[in-house]
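Using my numbering, the letters of the sequence shown map in sequence onto residues 6 to 204.
No residue lacks a Cβ here, since even glycine has one placed at the ideal position from N, Cα and C.
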Amino acid sequence: MIKFLNLSTEKPYINFYSLYQEAKQNGQKGIEAISVSSYNQPKEEVEARYVNLKYIVNDEWIFFSNYLSPKASQFEFHDQVSVLVYWASINTQIRMKARIFKTSPEFSDKHFIGRTKEKNALAISSSQSKPINSLNEVKKNFQDTLKTMTPETVRPDFWGGYSFIPYYFEFWQGHENRLNKRHVFEQIDNEWVERLLQP
Ligand SMILES: Cc1cc2nc3c(=O)[nH]c(=O)nc-3n(C[C@H](O)[C@H](O)[C@H](O)COP(=O)(O)O)c2cc1C
């Protein structure tokens, strides 16, 4: 589930929230899964991966990850990302273009404190995306870290939130006979400009 805090009252946000409620009512599984694509500059490749969107605070969309992972260095080099949502339960795709940056340390700390110690032990014990010899080693690193966890364990510097703020939305809603509705909102000079696109 996504937590909405002080949600922006701009049109694309109202649209998103209302579609989110509709998808939830229709039993959408994995409703918080979003695909984030970033640019790997040294390799001149675009890379996509799913993450779980945890919050939308006003106009800031927040997920959590490892700050030493491949995605982290890609965001550092190139702060523009493409984000995708598809909710099959209501046959709706949402495309976004956004700028990404690290969430405030205070917000990340607060989120970290509210998670289970198992989740935090995994976040601490894993050098995300680095090769490892076996799954047993992953399990051992996790179990060893879990034993050291206390209520005082703080968030490590290498793990925290990423916030992105979209400047472009396209809501695509599938209809019969491919008469699909495509509704775009683009931020131009601080205004959201709306247009419809042909299917
Ligand atoms: C549904 C789903 C949700 C995921 N959520 C997260 C997440 O919130 N944070 C994260 O770091 N990885 C998440 N992952 C794993 C990422 O897709 C990815 O494997 C990992 O972050 C490493 O990506 P990177 O090598 O591009 O940095 C998720 C995977 C799936 C399938």
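Kindly indicate which residue of A53, V51, V41, L73 has the alpha-carbon position closest to the one of W66.
V41
Distance between P161 and L127 (C-alpha atoms, nearest Å):
12 Å
Nearest-angstrom Cα distance between N146 and I170?
35 Å
According to the neighbour-count rule (16 or more other Cβ atoms, all chains shown, within 10 Å of its Cβ), is I39 buried or exposed?
buried
Could you tell me the boundaries of the alpha helix (DSSP H) in which F163 lies?
Per DSSP, F163 belongs to no alpha helix (DSSP H) and is neither H nor E.
To the nearest angstrom, how far is it from the Cα of S13 to the Cα of N45?
31 Å
Is any non-hydrogen atom of ligand 1 found closer than 7 Å to the C-beta of N57, if you look at the structure I gave you?
yes
Continuous alpha helix (DSSP H) stretch holding E111: start and end:
110-118
Pull up the distance between the alpha-carbon of K122 and that of K115, whole angstroms please.
14 Å
Cβ-based burial, K76 [other Cβ within 10 Å; buried from 16]
buried
Counting Cβ pairs, one atom from each stretch, are 3 or more of them under 8 Å apart for the stretch 71-88 and the stretch 179-190?
no
Buried or exposed: where does S23 fall if 16 or more other Cβ atoms within 10 Å of its Cβ makes it buried?
exposed
Bridge partner(s) assigned by DSSP for Y55
S40
Distance between T153 and Y25 (C-alpha atoms, nearest Å)
39 Å
Candidates P110, F69, E50, S70, of which the one nearest H83 by Cα
E50
My output table needs one value for T14: the three-state DSSP class, helix, strand or coil.
coil
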